[in-house]
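There are 2 protein chains.
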Amino acid sequence: MTKYQTIAGQIGEAIRSGILEPGTRIPSVRAVAGQHSVSTTTALEALRSLEGEGLIEARPRSGYFVLNRAGSVAAAPRFQFDSELEEDARVHLSIVGSPCRVRFDLATGDPGLYPLDRFGRLVRRASYRSPLLLGALARGTGHAAFKQQIVRSALDHGCRISPEEIIVTNGCIEALNLSLRAVTSHGDRVAVESPCYFVLLQMLRALGLVAVPIPCDPLRGMDLAVLAEVLQTTRIAAVVSVANGNNPVGSVADDEDKAALVAMLADRKIPLIEDDMFGDVCFAPSRPPALRSFDRQGGVLWCGGLSKTLMPSLRLGWVAAGRFTAQVQALKYTSTMATSELFQVAAAELMENGGYTRHLKRLRQRLARQHAELRQAVVRHFPLGTEVSHAEGGYVAWVRLPEAEGHPVSTRQLFTRAREAGIGFVPGYLFGGREFDDCLRLNAGYPWSREQEEAIAHLGQLVKQRQ
Amino acid sequence: MTKYQTIAGQIGEAIRSGILEPGTRIPSVRAVAGQHSVSTTTALEALRSLEGEGLIEARPRSGYFVLNRAGSVAAAPRFQFDSELEEDARVHLSIVGSPCRVRFDLATGDPGLYPLDRFGRLVRRASYRSPLLLGALARGTGHAAFKQQIVRSALDHGCRISPEEIIVTNGCIEALNLSLRAVTSHGDRVAVESPCYFVLLQMLRALGLVAVPIPCDPLRGMDLAVLAEVLQTTRIAAVVSVANGNNPVGSVADDEDKAALVAMLADRKIPLIEDDMFGDVCFAPSRPPALRSFDRQGGVLWCGGLSKTLMPSLRLGWVAAGRFTAQVQALKYTSTMATSELFQVAAAELMENGGYTRHLKRLRQRLARQHAELRQAVVRHFPLGTEVSHAEGGYVAWVRLPEAEGHPVSTRQLFTRAREAGIGFVPGYLFGGREFDDCLRLNAGYPWSREQEEAIAHLGQLVKQRQ
Chain V
1 MTKYQTIAGQ IGEAIRSGIL EPGTRIPSVR AVAGQHSVST TTALEALRSL
51 EGEGLIEARP RSGYFVLNRA GSVAAAPRFQ FDSELEEDAR VHLSIVGSPC
101 RVRFDLATGD PGLYPLDRFG RLVRRASYRS PLLLGALARG TGHAAFKQQI
151 VRSALDHGCR ISPEEIIVTN GCIEALNLSL RAVTSHGDRV AVESPCYFVL
201 LQMLRALGLV AVPIPCDPLR GMDLAVLAEV LQTTRIAAVV SVANGNNPVG
251 SVADDEDKAA LVAMLADRKI PLIEDDMFGD VCFAPSRPPA LRSFDRQGGV
301 LWCGGLSKTL MPSLRLGWVA AGRFTAQVQA LKYTSTMATS ELFQVAAAEL
351 MENGGYTRHL KRLRQRLARQ HAELRQAVVR HFPLGTEVSH AEGGYVAWVR
401 LPEAEGHPVS TRQLFTRARE AGIGFVPGYL FGGREFDDCL RLNAGYPWSR
451 EQEEAIAHLG QLVKQRQ
Chain Y
1 MTKYQTIAGQ IGEAIRSGIL EPGTRIPSVR AVAGQHSVST TTALEALRSL
51 EGEGLIEARP RSGYFVLNRA GSVAAAPRFQ FDSELEEDAR VHLSIVGSPC
101 RVRFDLATGD PGLYPLDRFG RLVRRASYRS PLLLGALARG TGHAAFKQQI
151 VRSALDHGCR ISPEEIIVTN GCIEALNLSL RAVTSHGDRV AVESPCYFVL
201 LQMLRALGLV AVPIPCDPLR GMDLAVLAEV LQTTRIAAVV SVANGNNPVG
251 SVADDEDKAA LVAMLADRKI PLIEDDMFGD VCFAPSRPPA LRSFDRQGGV
301 LWCGGLSKTL MPSLRLGWVA AGRFTAQVQA LKYTSTMATS ELFQVAAAEL
351 MENGGYTRHL KRLRQRLARQ HAELRQAVVR HFPLGTEVSH AEGGYVAWVR
401 LPEAEGHPVS TRQLFTRARE AGIGFVPGYL FGGREFDDCL RLNAGYPWSR
451 EQEEAIAHLG QLVKQRQ
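For the protein sequence lines, the chains are V and Y, in the order given.
Anchor point for the first sequence: position 443 equals 443 in my numbering, and the numbering is continuous, going up by one each time.
Anchor point for the second sequence: position 203 equals 203 in my numbering, and the numbering is continuous, going up by one each time.
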């Protein structure tokens with residue numbers, strides 16, 4: 001046996017016997033070389049041969065990780081992001097969100113859709129009454145009146161939560177981040193809908209978690225049959241679902257599917273993190289129930305926020321963390337300590353006096369109308385065979401382009417060309433890799449205008465040129 | 001050989017050969033039992049015997065972890081927090097900060113010390129001019145005018161930073177948290193001053209990092225000789241230092257020591273995270289330089305914030321992240337996305353027109369006076385042999401109680417008794433374990449009053465009763 005075979009054999013044995021668990025990081029090439037007093041070339045050879053055996057895998061910039069035990073358990077599907085794609089993603093993410101003329105990119109609305117002046121007045125009044133509100137309760141989990149309004153508003157759609165389990169956060173992103181950290185450990189696998197909101201994918205990566213994609217249908221949401229299969233073969237530490245107004249596909253799951261998902265995970269004691277940011281802006285006459293409404297065991301961490309409903313980019317969110325409340329509280333404390341109280345007080349007043357409910361009703365109607373306009377424009381201007389999701393809630397539509405001369409097209413070059421013309425959108429691969437290279441996400445947050453119509457026509461032209 | 005010995009032998013071999021690296025988590029008792037088809041009792045016996053050999057250690061609620069290789073490298077010192085102590089810590093931390101009559105606990109000042117009304121007016125004016133300021137730049141790293149003021153103010157004390165490397169955060173806690181995550185991986189060791197700010201200790205734990213204590217002298221700060229020794233034998237992923245107005249001991253390090261610390265770490269390419277929250281409230285005539293001023297390689301992540309200077313509990317902080325800027329930006333994005341702009345605009349205006357500098361001068365003088373009053377009261381009322389730190393900056397004083405009848409006393413019971421009398425302080429063990437059980441931290445943030453004098457007298461009585 002050569003040196004590298006000896007080393008590979010030793011590490012392979014550790015993996016097969018379970019000493020090195022799936023998801024564990026293997027010592028670096030340099031470290032392996034040092035331990036066995038061999039060159040880094042030999043060490044690398046050993047690791048590459050283990051990779052060839054399917055025992056470990058290289059992750060860009062992170063090193064080698066132990067895969068699921070070969071032979072005993074099928075490898076779970078994973079999002080395929082190679083290093084080239086990740087480099088592209090970094091560049092594109094740094095561009096998405098920087099201002100451009102026609103804003104089909106971020107999931108946000110025209111300022112005119114929101115009660116900005118009213119909210120501003122409430123903020124000023126609160127700050128005037130008590131200047132100390134500009135700070136935060138030193139160790140608080142949120143302002144009592146605001147929590148009370150979250151509880152009351154949730155009850156309106158049949159979701160029973162208690163103020164004690166609420167942690168107010170700096171936006172829903174923090175709620176998701178703390179929830180994930182509360183229920184997972186480094187290296188764990190987390191099932192998410194595919195395509196998946198790109199910030200969530202980046203978040204999982206930043207936390208050292210592995211995203212396991214579960215197909216998400218534009219009409220029905222997460223495919224529960226696939227999830228059930230994955231759970232048979234793979235240890236999943238948590239599931240994240242955007243059941244209401246899914247980002248990016250726009251689906252709202254049926255009540256039956258919601259109940260089934262919650263029950264499936266409760267049976268297996270797997271925490272379910274619900275991103276319900278868009279629940280209040282779904283288009284059906286009555287607000288669709290949260291997954292959390294079907295939970296009897298405190299296993300659903302219900303995350304929400306106000307930046308899609310009350311005011312664009314307002315950094316005010318929350319999680320009702322059920323039986324994980326103590327863990328989330330502890331993480332909040334060491335992550336951002338507390339959330340400023342001023343906006344909480346103002347939001348509580350707006351929610352209390354009913355103005356918020358009326359505003360939501362109007363906002364939903366306008367978003368539904370804008371979605372219809374956007375969809376029709378895409379149908380008018382994009383090539384035959386283009387598929388557009390029929391969103392049931394939220395801000396965004398998901399578009400899949402037809403093949404050109406029998407070959408799938410990529411929206412990555414389209415992204416650059418569109419930006420040159422001042423038109424923003426989010427390229428599909430950011431939602432999960434090459435599989436979505438022929439897709440794009442369009443924001444329907446702005447009232448329809450001639451400028452938007454022309455922008456969609458221009459986009460359609462660019463697509464046709466590639467064909 | 002019995003079964004447990006076989007299992008222990010196998011895992012032990014993996015540790016000794018370096019396959020399982022120091023800091024790695026060992027599979028759970030249940031997992032080990034499953035892998036080897038033995039009972040959990042046998043598996044536990046195997047892990048306990050490895051613990052006895054000094055190869056692994058149990059961490060409460062986290063499982064077993066591989067220690068530094070026995071025999072080859074001396075084990076680094078670690079903070080000793082057993083499970084009983086951690087349970088106490090959880091209880092005490094949940095109490096510290098909840099309101100009590102005499103607030104010697106949190107490091108915060110009387111509202112009368114701050115320009116609350118003025119800041120409130122600036123906030124109202126900004127929100128009136130642009131209601132959208134209530135939100136945040138979707139992917140921004142902070143408001144340009146605020147960053148500019150941070151740069152200018154840093155330059156006043158000889159610290160050159162650029163706006164491009166600043167990430168504005170929800171308080172300095174988020175700055176520290178993101179900085180740690182940017183430069184470490186799960187299981188890494190981080191050197192900190194001992195005693196250590198309790199939130200930082202909790203943060204390290206929450207991030208799966210191991211705190212390595214470096215003694216911190218109330219006059220000179222971090223002991224660089226000990227640090228140098230530790231660096232010889234232990235892989236340290238980062239160092240965190242509160243060089244100006246250390247929390248809890250109050251020291252300001254000499255310029256020579258600051259330069260030496262920065263150079264020592266630059267040589268070894270170890271990132272230095274500087275918590276400079278108290279740099280602006282040190283009592284010397286001129287503001288002491290930041291560690292960052294001595295950095296020529298972008299290896300110092302300079303963290304600051306306004307809640308100790310402009311307004312209590314204001315969630316507005318920042319980090320100038322040097323060569324780690326891209327990493328911190330990415331983590332900010334997936335942790336809390338962005339920071340609300342309103343307070344940034346108001347703070348920038350206050351800092352720009354000079355009112356802030358005048359305010360800081362007054363605040364420093366008042367804090368210095370309050371420190372003197374507090375120290376004298378402790379000397380008057382506490383038993384002979386009590387040591388009180390002579391803080392050179394910040395809000396807090398560090399007190400060590402003398403032995404009682406030849407035995408060290410604990411401030412944990414004192415904490416409970418004092419709270420019953422409405423008097424808050426922070427018990428010493430929260431800053432690093434039993435070693436500081438005879439210590440307490442007192443806040444000097446409130447103007448001296450008869451009530452405070454009586455509270456210190458009462459505390460002194462309680463201490464004497466234990467003797």
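All C-beta atoms in this analysis are idealised placements derived from N, C-alpha and C, irrespective of residue type, glycine included.
Since the model is a prediction, treat every value here as computed from it, not as a measurement.
(request) Under 7 Å between beta-carbons, which chain V residues line up against H186 (chain Y)? List them in chain order, please. (result) Indexing the second sequence from 1 puts residue 186 (chain Y) at position 186. Those within 7 Å of H186 (chain Y) in chain V are H186 and G208.
(request) Note down the Cα distance separating M203 (chain Y) from V242 (chain Y), rounded to an integer number of angstroms. (result) Counted from its first residue, the second sequence places residue 203 (chain Y) at position 203. Counted from its first residue, the second sequence places residue 242 (chain Y) at position 242. Cα to Cα, M203 (chain Y) sits roughly 15 Å from V242 (chain Y).
(request) Identify the continuous beta strand (DSSP E) that holds T473 (chain V) and give its terminal residues. (result) Since the first residue shown for chain V is 1 and the last is 467, residue 473 (chain V) is missing from the structure and cannot be characterised.
(request) Using a Cβ-Cβ cut-off of less than 7 Å, give me the residues of the region 160-194 of chain Y that come near chain V, in sequence order. (result) N170, G171, I173, E174, N177 and H186
(message) Give me the subset of the region 199-227 of chain V whose CB atoms are less than 7 Å from a CB atom of chain Y, sorted by chain position.
(response) V199, Q202, M203, A206 and G208
(request) Count the other CB atoms, across all protein chains shown, that sit within 10 Å of the CB of G71 (chain Y); report buried if there are 16 or more and exposed otherwise. (result) Taking the first residue of the second sequence as position 1, residue 71 (chain Y) is located at position 71. In this prediction, G71 (chain Y) has a pLDDT of 37, which is less than 50 and means its spatial position is unreliable; what the coordinates show is noted afterwards. G71 (chain Y) is exposed by the Cβ-count criterion.
(message) Just verifying my parser: in three-state terms, what is the DSSP assignment at G250 (chain Y)?
(response) Here the question's residue 250 (chain Y) lines up with position 250 in the second sequence. Coil, per DSSP.
(message) Mapping the DSSP letters down to three states, classify Y64 (chain V) as helix, strand or coil.
(response) By one-based count along the first sequence, residue 64 (chain V) stands at place 64. Looking at Y64 (chain V) - three-state DSSP - the assignment turns out to be strand.
(request) Would you give the residue range spanned by the beta strand (DSSP E) that D275 (chain Y) belongs to? (result) Stepping through the second sequence from its first residue, residue 275 (chain Y) is reached at position 275. L272 to D275 is the extent of the beta strand (DSSP E) around D275 (chain Y).
(request) Determine whether the Cβ of T6 (chain Y) lies closer than 9 Å to any Cβ atom of chain V. (result) Counting from 1 along the second sequence, the entry for residue 6 (chain Y) is found at position 6. Not closer than 9 Å to any Cβ of chain V, the Cβ of T6 (chain Y) fails to qualify, so no.
(request) Note down the Cα distance separating E13 (chain Y) from L227 (chain Y), rounded to an integer number of angstroms. (result) Position 13 of the second sequence, counting from 1, holds the residue named residue 13 (chain Y). Position 227 of the second sequence, counting from 1, holds the residue named residue 227 (chain Y). Whole-angstrom Cα-Cα distance: 31 Å.
(message) Beta carbons nearer than 8 Å to chain V: which residues of the region 123-134 of chain Y have them?
(response) V123, R124, S127, Y128, P131, L132 and L134
(message) Less than 9 Å between the beta carbons of S313 (chain V) and G135 (chain Y), yes or no?
(response) Counted from its first residue, the first sequence places residue 313 (chain V) at position 313. Counted from its first residue, the second sequence places residue 135 (chain Y) at position 135. Going by C-beta atoms, S313 (chain V) is nearer than 9 Å to G135 (chain Y).
(request) Decide if Q465 (chain V) is buried, meaning its Cβ has at least 16 other Cβ atoms within 10 Å, or exposed. (result) By 1-based counting over the first sequence, the position of residue 465 (chain V) is 465. Looking at its Cβ environment, which holds fewer than 16 other Cβ atoms inside 10 Å, Q465 (chain V) is exposed.
(message) Using a Cβ-Cβ cutoff of less than 7 Å, which residues in the same chain neighbour R103 (chain Y) once the five nearest sequence positions on both sides are dropped?
(response) In the second sequence, counting from the first residue as 1, residue 103 (chain Y) sits at position 103. If we look at R103 (chain Y) and ignore the five residues flanking it on each side, its Cβ neighbours are G424, N443 and Y446.
(request) Can you tell me which of V:T309, V:L224 and V:R121 puts its alpha carbon nearest to the alpha carbon of Q110 (chain V)? (result) Taking the first residue of the first sequence as 1, we reach residue 110 (chain V) at position 110. Looking at the sequence shown, residue 110 (chain V) is not Gln but Asp. Closest by alpha carbon: V:T309.
(request) List the DSSP bridge partners of W448 (chain Y). (result) The residue labelled residue 448 (chain Y) in the question sits at position 448 within the second sequence. DSSP lists no partner for W448 (chain Y).
(message) So, at 8 Å on beta carbons, what are the nonlocal neighbours of I7 (chain V) in its own chain, with the 5 sequence-adjacent residues on each side left out?
(response) Along the first sequence, one-based indexing puts residue 7 (chain V) at 7. Result list for I7 (chain V): V32, H36, V38, T42, A43 and A46, in chain order.
(message) Helix, strand or coil, according to DSSP, for P427 (chain V) in the structure here?
(response) Within the first sequence, numbered from 1, the residue matching residue 427 (chain V) stands at position 427. DSSP places P427 (chain V) in strand when its eight states are reduced to three.
(message) Looking at the secondary structure, which residues open and close the alpha helix (DSSP H) in which E21 (chain Y) lies?
(response) Counting from 1 along the second sequence, the entry for residue 21 (chain Y) is found at position 21. Careful: E21 (chain Y) lies outside any alpha helix (DSSP H) and carries neither H nor E.
(request) Measure the alpha-carbon distance for Y128 (chain V) versus G120 (chain Y) and round it to whole angstroms. (result) To locate residue 128 (chain V), count along the first sequence from 1; it is residue 128. To locate residue 120 (chain Y), count along the second sequence from 1; it is residue 120. Approximately 7 Å between the Cα atoms of the pair.
(request) Using a Cβ cut-off of 8 Å, pull out every chain V residue sitting near S37 (chain Y), in sequence order please. (result) What you label residue 37 (chain Y) is simply residue 37 of the second sequence in a count that begins at 1. Near S37 (chain Y) there are no residues of chain V at all, since even the closest Cβ is about 11 Å away, more than 8 Å.
(request) Give the DSSP-derived three-state secondary structure of C303 (chain Y) in the structure shown. (result) Position 303 of the second sequence holds residue 303 (chain Y). Looking at C303 (chain Y) - three-state DSSP - the assignment turns out to be strand.
(message) Using a Cβ-Cβ distance cut-off of 9 Å, determine whether P111 (chain Y) contacts chain V.
(response) If you number the second sequence from 1, residue 111 (chain Y) lands on position 111. Closer than 9 Å to some Cβ of chain V, the Cβ of P111 (chain Y) qualifies, so yes.
(request) Would you give the residue range spanned by the beta strand (DSSP E) that I214 (chain V) belongs to? (result) Here residue 214 (chain V) refers to the residue found at position 214 of the first sequence. Unbroken beta strand (DSSP E) run through I214 (chain V): V210 to D217.
(message) Tell me which residues share the same chain as V281 (chain Y) and place their Cβ nearer than 8 Å to its Cβ, disregarding the 5 neighbours each side in the sequence.
(response) Against the second sequence, residue 281 (chain Y) aligns to sequence position 281. Same-chain partners within the cutoff: G245, K308, T309, L360, L363, R364, L367, G393, G394 and Y395.
(request) Could you name each continuous beta strand (DSSP E) segment of 3 residues or more that falls completely within the region 278-353 of chain Y, going from the start of the chain to the end? (result) 300-305 and 317-320
(message) In this structure, how does DSSP classify C439 (chain V) when only helix, strand and coil are distinguished?
(response) Position 439 of the first sequence, counting from 1, holds the residue named residue 439 (chain V). Strand.
(message) Between the alpha carbons of V300 (chain Y) and M277 (chain Y), how many angstroms are there, rounded?
(response) Looking up residue 300 (chain Y) in the second sequence gives position 300. Looking up residue 277 (chain Y) in the second sequence gives position 277. Looking at the two C-alpha atoms, the distance is approximately 15 Å.
(request) Report the option in V:R30, V:I214, V:P163 and V:D275 whose CA atom is closest to the CA atom of L178 (chain V). (result) Within the first sequence, residue 178 (chain V) is the residue found at index 178, counting from 1. Among V:R30, V:I214, V:P163 and V:D275, the Cα nearest to that of L178 (chain V) is on V:D275.
(request) Assign G305 (chain Y) to one of two classes, buried (16 or more other C-beta atoms within 10 Å of its C-beta) or exposed (fewer than that). (result) Within the second sequence, the letter at position 305 stands for residue 305 (chain Y). Counting Cβ neighbours within 10 Å, G305 (chain Y) comes out buried, since at least 16 surround it.
(message) Using a Cβ-Cβ cutoff of less than 8 Å, which residues in the same chain neighbour H143 (chain V) once the five nearest sequence positions on both sides are dropped?
(response) On the first sequence, position 143 is the one that residue 143 (chain V) refers to. Result list for H143 (chain V): L137, V168, E341, Q344, V345 and A348, in chain order.
(message) Here's the rule I'm using: 16 or more other beta-carbon atoms within 10 Å means buried, otherwise exposed. How should R25 (chain V) be labelled?
(response) Position 25 of the first sequence, counting from 1, holds the residue named residue 25 (chain V). When all chains shown are included, R25 (chain V) counts as buried.
(message) Need the endpoints of the alpha helix (DSSP H) that V32 (chain V) sits in, please.
(response) The residue given as residue 32 (chain V) occupies position 32 in the first sequence. Here the alpha helix (DSSP H) through V32 (chain V) covers V29 to H36.
(request) Quick one: grab the DSSP three-state call for A191 (chain Y). (result) Start at 1 with the first residue of the second sequence, and residue 191 (chain Y) comes out as number 191. It is a strand residue.
(request) Look at G250 (chain Y) and A397 (chain Y) and say whether their C-beta atoms are less than 9 Å apart. (result) For the purposes of this step, residue 250 (chain Y) is taken as the residue at position 250 of the second sequence. For the purposes of this step, residue 397 (chain Y) is taken as the residue at position 397 of the second sequence. Contact: yes.
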